[in-house]
Amino acid sequence: MDTLFEDENYIVLNKPAGIMVHGDGKTNERTLVNFVLEKCPEIQGVGDPARLGDTPIERSGVVHRLDQETSGAIIFAKNQDAFLFLKKQFQDRLVQKEYHAFVWGHFKELSGYVDEPIGRNKGDFRRWTAGRGIRGEVREAYTRWEVVQSFEDTAMQKFSFLKLYPKTGRTHQLRVHMKYLQRPIVSDHLYAPSFPDALGFTRVALHARKVTFMTISGESMTIEAPYPADFTYALAQNSVL
Numbered sequence: 091m092d093t094l095f096e097d098e099n100y101i102v103l104n105k106p107a108g109i110m111v112h113g114d115g116k117t118n119e120r121t122l123v124n125f126v127l128e129k130c131p132e133i134q135g136v137g138d139p140a141r142l143g144d145t146p147i148e149r150s151g152v153v154h155r156l157d158q159e160t161s162g163a164i165i166f167a168k169n170q171d172a173f174l175f176l177k178k179q180f181q182d183r184l185v186q187k188e189y190h191a192f193v194w195g196h197f198k199e200l201s202g203y204v205d206e207p208i209g210r211n212k213g214d215f216r217r218w219t220a221g222r223g224i225r226g227e228v229r230e231a232y233t234r235w236e237v238v239q240s241f242e243d244t245a246m247q248k249f250s251f252l253k254l255y256p257k258t259g260r261t262h263q264l265r266v267h268m269k270y271l272q273r274p275i276v277s278d279h280l281y282a283p284s285f286p287d288a289l290g291f292t293r294v295a296l297h298a299r300k301v302t303f304m305t306i307s308g309e310s311m312t313i314e315a316p317y318p319a320d321f322t323y324a325l326a327q328n329s330v331l
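Position in the sequence shown counted from 1, then plus 90, gives you our numbering.
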């Protein structure tokens, strides 16, 4: 697993798709936190304690998360002061995040903004939703999107390669907002189950490309995560970028 940046306060990793950031109290599979603790055992206990019922959840150093199928840049705090400093930046929406994604379909405009609250889906507890069909608590969610390139594959199916900029950090936010726009992310089996896998992806075609945050010393740091193999393949095969 690649380390993209590390100092005495933070470590930024290029998370592979398919690994959970931290455990959910239900399985014993290896997580990103396990890897971080092996590399930096001093992180043990950093952050906010978490439990699922009576079961403690090991999430030392975790300030933010990526979905299990999402790849890319993720920051871990190495001490409690660094954790609180970065947590405040997330709360104040000062951390800038740029994701790259392949979605189904073309857009009429080259850029846009989704301002649509997100809540639990009435029909499926695993899913979140925007628009109709929300139950329970509803939370504000904002996403800016930008079309990098629209194209068709060899089967003449339409796709777009996007940059996505979430202003908030709701669970599954980008996936839900793209579904809301009727441009679901490629190979998103949860939010676009009727669409086939495409462009060589068998997991959600979403990559956390860049993250910008302020270090404790006052330096603005932008970290870029190289593309994994499936993104590199899809970009090359379709002459994107």
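We put the CB at the ideal spot given by N, CA and C, even for glycine. If you're wondering where the values come from, they're calculated on a predicted model, not measured in any experiment.
- The three-state secondary structure of Arg149, taken from DSSP, is coil.
- Pairing Ala107 with Arg293 gives a Cβ-Cβ distance under 8 angstroms.
- DSSP places Thr302 in no alpha helix (DSSP H) but in the uninterrupted beta strand (DSSP E) bounded by 296-304.
- The beta carbon of Gly137 lies closer than 8 angstroms to those of Arg149, Ser150, Gly151, Val152, Val153, Ala167, Gln170, Phe173 in the same chain, with the five residues before and after it left out.
- Between His190 and the set Gly221, Gln239, Phe95, the nearest pair of CA atoms involves Gln239.
- Between the segment 254-263 and the segment 220-233 there are three or more inter-stretch CB-CB distances shorter than 8 angstroms, so the stretches are counted as touching.
- Looking at Leu156, Glu309, Pro318, Val301, the one whose alpha-carbon comes closest to that of Gln263 is Leu156.
- DSSP, reduced to helix, strand and coil, places His190 within a strand of the structure shown.
- In the structure shown, the three-state DSSP call for Asn104 is strand.
- Annotation: the segment 247-286 contains the following complete segments of the beta strand (DSSP E) (minimum length 3 residues), in chain order: 248-256.
- A Cβ-Cβ contact shorter than 8 angstroms links Ile165 with Val102.
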